[in-house]
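Enquirer: Quick note, the sequences are listed as chains A and B, same order.
The numbering of the first sequence is the working numbering, which starts it at 8 and goes up by one.
The numbering of the second sequence is the working numbering, which starts it at 8 and goes up by one.
Note that CB positions come from ideal geometry on N, CA and C, so glycine has one too.
The following block contains the structure, expressed as structure tokens.
2 protein chains.
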Amino acid sequence: MAAAKAAKAKFGEFERIARYFAPLAGPGALGLLDDAALIEGPPGEQYVLTTDTIVENVHFLSDDPPDQVARKLLRVNLSDLAAKGAAPVGYLLNTSLPKSRGEAWLEAFAQGLAADQAEFGIALLGGDSVASSGPLCLTVTAIGRVRAGKAVLRRGAQQGDWIYCSGTLGDAALGLRYLRGELTGSDAAAGNYLAGRYRLPQPRLSLGQKLAEIAHAMLDISDGLVADLGHICEVSKVGATIEELLAPLSPAFRQALTADPSLLSLALTGGDDYELLFTAAPEAGPKLKTLAAELGVSVTRIGTIEAGQGVRVLGPSGAALDLAQGGYRHF
Amino acid sequence: MAAAKAAKAKFGEFERIARYFAPLAGPGALGLLDDAALIEGPPGEQYVLTTDTIVENVHFLSDDPPDQVARKLLRVNLSDLAAKGAAPVGYLLNTSLPKSRGEAWLEAFAQGLAADQAEFGIALLGGDSVASSGPLCLTVTAIGRVRAGKAVLRRGAQQGDWIYCSGTLGDAALGLRYLRGELTGSDAAAGNYLAGRYRLPQPRLSLGQKLAEIAHAMLDISDGLVADLGHICEVSKVGATIEELLAPLSPAFRQALTADPSLLSLALTGGDDYELLFTAAPEAGPKLKTLAAELGVSVTRIGTIEAGQGVRVLGPSGAALDLAQGGYRHF
């Protein structure tokens, strides 16, 4: 995905959804606030439906390896299922292909899908293929299943909850810089690690499913920690305080930080990590520790849900950072 | 949708699907041969999933009224549900919008969706909105429900079945010609009727649901009668003979025919009618007659399923028309 613009082009997206599409939303649509919908499933279950579209030269570059485009497309959808606590069932695929895309591109694209189908135990259910004069436009709609009533929504955060995230933060944003040749303080091993985190996110499906019994609110971090925590706060009608020093960082991220300490803000604002961000009662701490050890995924407490609204970030001195000065929305 | 190219750009689509995507298909995908997938639903039910993508300047024109673009997009998906015998549940919407599309366009688009939601009793469940440098690209994924085991597939046609279609044929193809100014033998009333048939197809949802108990094989006619009947024959491993003179024609179509008898072939080959094409046992005849009367939709027998393969069309003299001479695939 190299030098592509990483973030979804979201200018005005939330406002447009609220204005034009939210009035069209039915039961199960969760007010279009959750990046997923719920419909009745087999006895004791619900289906989770989620969908993402990616466009050439917006979300990926024309010369990005097609198998990686396929896998990232699938994984960002699987990550949405993980954030609901759902197990994947299958997916639909829509391709709008310019004529310039030949058989070789399509073959590699399908190989990427096959690899991830095997890795995540899902299969293609259907789709549509059309020709287009314009940039490649790809949509996946993923279907997952979750125990009835157990899907974790964004709106469930409660005052006093502890705030956690999985894995490490900011790697994908640094990876994009590395691929663009903008990250000079990293050796090749660290650079490749970061690039891999950007190119091939790891949907936290096992963790997400376990968290269905524990988390009060959850989403996957695609817009950056502060922005996404802001989404939870907004729909849960709560505030949040997190500490910059608690943000979990990879060794590769720390290496880059040594060369340029200003990169730290990317751990709070960089998008595309697709780690889970969730809140849970403080008593859940021991259970989360056990779970993380069992699954081999780190789970780090980074703050607390409070009364009020908005996200406060405490810097190293304990003083709140000035989010209004920008840099905390990456688009 | 005026002067846009009506047909999906399908060159090689079937071959590409068979080669690259069919190997990825899982249970419920129906081999990607049915324009729909089936997954387990609430007790006694299955969900039908179907999806269609439309692209500006391929499937509709830049200056087409946005509300009609919205409604056609929704209706072609609802028509796929009708062809499975399913009742609509809801839909997901993906929009990839160039910046040139302003608020007025989006508002009218949403109004079109709202109108059809009210008409067909469905609601928006979710979706994704992204920005694009290229042509407008729109995807709807529709979800329907059907009694378990009762979805009508394309593969069920049996030797001796009678072949039926709903409504009238060829209207949409003539409507497109009228909108292009290529239809000179029609008065304004007829022209407007035909244009309406092209712009706003009528998904035969009530009829489709009733046919779930009767039809052996079914689809909706989007590629033209002969091509679509060919799809049924291919997956059912049967042949078919239909009679040109039995094709049901609207008064507006007959008016155009008076001026130009060569237009008759459009009833067999014109796409975009979205009428139901199905096969049923000969004994079902009386039941179908009653059903058609109850629903106020015409149902016309046009031929018979036979052993063998392929579609034979008998002309007025009773001799088979030469399909190999072309004109019977509209793309």
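Along chain B, which residues have their Cβ under 8 Å away from the Cβ of Tyr27(A)?
Expert: The answer, in chain order, is Leu113, Glu114, Phe116, Ala117.
Enquirer: Any C-beta of chain A within less than 8 Å: which residues of the stretch 114-146 of chain B qualify?
Expert: If the cut-off is 8 Å between Cβ atoms, the stretch 114-146 of chain B has Glu114, Phe116, Ala117, Leu120, Ala121, Gln124, Ile129, Ala130, Leu131, Leu132, Gly133, Gly134, Asp135, Ser136, Val137, Ala138, Ser139, Ser140, Gly141, Pro142, Cys144, Thr146 near chain A.
Enquirer: Is it right to say Ala111(A) is buried, meaning 16 or more other beta carbons lie within 10 angstroms of its own, or is it exposed?
Expert: Classification of Ala111(A): exposed, given that the 10 Å Cβ count is below 16.
Enquirer: Since I believe Asp74(B) is in contact with Phe116(B) (beta carbons under 8 Å), could you give me their beta-carbon distance rounded to a whole number of angstroms?
Expert: So it is a contact: roughly 7 Å between Cβ atoms.
Enquirer: Lys23(B) versus chain A: which residues are under 7 Å apart at the beta carbon?
Expert: The sequence given here places Arg at residue 23(B); Lys does not occur at that position. The answer, in chain order, is Leu113, Ser136.
Enquirer: Pick out whichever of Asp235(B), Ala287(B), Leu252(B), Lys106(B) has its Cα sitting closest to the Cα of Gly278(B).
Expert: Of Asp235(B), Ala287(B), Leu252(B), Lys106(B), the residue nearest in Cα terms is Asp235(B).
Enquirer: What does DSSP give as the partner residue(s) for Asn101(B) in the beta ladder?
Expert: Asp135(B), Thr146(B).
Enquirer: Please report how far the alpha carbon of Leu113(B) lies from the alpha carbon of Leu252(B), in whole angstroms.
Expert: So the two alpha carbons sit approximately 45 Å from each other.
Enquirer: Have a look at Ala179(A) and Asp135(A) and give me their C-alpha separation to the nearest angstrom.
Expert: Going from the Cα of Ala179(A) to the Cα of Asp135(A) covers about 31 Å.
Enquirer: Give the range of the beta strand (DSSP E) segment to which Leu45(A) is assigned.
Expert: Where Leu45(A) is concerned, the enclosing beta strand (DSSP E) stretches over 44-47.
Enquirer: At the 9 Å Cβ level, is Leu190(A) part of the contact set with chain B, yes or no?
Expert: Not one chain B Cβ lies under 9 Å of Leu190(A).
Enquirer: Can you grab the Cα-Cα spacing for the pair Cys144(A) / His238(A), in whole Å?
Expert: Using only the alpha carbons, I get a separation of about 27 Å.
Enquirer: Since Leu284(B) meets chain A, which of its residues come closer than 9 Å, beta carbon to beta carbon?
Expert: Per Cβ cutoff of 9 Å: no residues; Leu284(B) is ~20 Å from chain A at best.
Enquirer: Considering only their Cβ atoms, is the gap separating Leu132(B) from Gly35(A) smaller than 9 Å?
Expert: Yes, the pair counts as a contact, with Cβ atoms nearer than the cut-off.
Enquirer: Taking beta-carbon pairs under 8 Å, can you tell me which members of the stretch 207-228 of chain B lie near chain A?
Expert: Within the stretch 207-228 of chain B, no residue has a Cβ that lies closer than 8 Å to any Cβ of chain A.
Enquirer: Would you report the Cα separation of Ala259(A) and Gly198(A), rounded to the nearest angstrom?
Expert: Roughly 7 Å between the two C-alpha positions.
Enquirer: CA-CA distance, Ala82(B) and Glu313(B)?
Expert: Sequence inspection shows Arg at residue 82(B); the Ala mentioned does not correspond to that position. In a straight line, the C-alpha of Arg82(B) is about 32 Å away from that of Glu313(B).
Enquirer: Could you tell me whether any Cβ in chain B is nearer than 9 Å to the Cβ of Val62(A)?
Expert: It does: the Cβ of Val62(A) has a partner Cβ on chain B nearer than 9 Å.
Enquirer: Any beta carbon from chain A within less than 9 Å of Asn7(B)'s own beta carbon?
Expert: With chain B covering only 8 through 338, there is no way to say anything about residue 7(B).
Enquirer: State the start and end residues of the unbroken alpha helix (DSSP H) segment that holds Tyr205(A).
Expert: Where Tyr205(A) is concerned, the enclosing alpha helix (DSSP H) stretches over 195-206.
Enquirer: Look at Ser140(B) and Thr60(A) and say whether their C-beta atoms are less than 9 Å apart.
Expert: Result no, Cβ atoms of Ser140(B) and Thr60(A) do not sit closer than 9 Å.
Enquirer: Looking only at its chain, what residues have a beta carbon closer than 6 Å to the beta carbon of Pro142(A), apart from the 5 residues adjacent to it on each side?
Expert: The residues are Val62, Glu63, Asn64.
Enquirer: What would DSSP say about Glu250(A), mapped onto helix, strand or coil?
Expert: Strand.
Enquirer: Could you confirm whether any beta carbon from chain B is found closer than 9 Å to the beta carbon of His238(A)?
Expert: Output row for His238(A): interface = no.
Enquirer: Do Gly215(A) and Ala122(A) have their CB atoms nearer than 9 Å?
Expert: In this structure, Ala122(A) does not lie closer than 9 Å to Gly215(A) by Cβ.
Enquirer: In chain order, what residues of the stretch 232-259 of chain B put their CB closer than 7 Å to some CB of chain A?
Expert: Residues: none.
Enquirer: Between the stretch 144-158 of chain B and the stretch 241-249 of chain B, can you find at least three pairs of beta-carbon atoms closer than 8 Å?
Expert: No, the stretch 241-249 of chain B is not in contact with the stretch 144-158 of chain B.
Enquirer: What is the DSSP secondary structure of Glu313(B), counted as helix, strand or coil?
Expert: Here Glu313(B) sits in strand by DSSP.
Enquirer: For Asp41(A), I'd like the list of residues in its chain whose CB is within less than 6 Å of its CB, leaving aside the five on either flank, ordered along the chain.
Expert: Counting only Cβ-Cβ distances below 6 Å, and skipping sequence neighbours, we find Leu160, Arg161.
Enquirer: List the residues of chain B that Gly59(A) touches, going by C-beta distances under 7 Å, in chain order.
Expert: At residue 59(A) the sequence reads Asp, which differs from the Gly that was named. Under the 7 Å cutoff, chain B gives Asp135.
Enquirer: Can the beta-carbon of Ala164(B) be found closer than 9 Å to that of Thr248(B)?
Expert: Cβ distance not < 9 Å, so Ala164(B) and Thr248(B) don't count as in contact.
Enquirer: Can you tell me which of Gly92(B), Leu85(B), Gly303(B) puts its alpha carbon nearest to the alpha carbon of Gly128(B)?
Expert: Closest by alpha carbon: Leu85(B).
Enquirer: When the cut-off is 9 Å and only beta carbons count, does Val96(A) lie next to chain B?
Expert: So, interface residue.
Enquirer: With the cut-off set at 9 Å, would you say Glu47(A) and Pro95(B) are in Cβ contact?
Expert: In this structure, Pro95(B) does not lie closer than 9 Å to Glu47(A) by Cβ.
Enquirer: Which residues in chain B sit within 8 Å of Val65(A), going by Cβ to Cβ distance?
Expert: Here the neighbours are Val137, Ala138, Ser139, Ser140.
Enquirer: Go to Phe67(A), then tell me how far its alpha helix (DSSP H) extends in each direction, as first and last residue.
Expert: No alpha helix (DSSP H) contains Phe67(A), which DSSP labels as neither H nor E.
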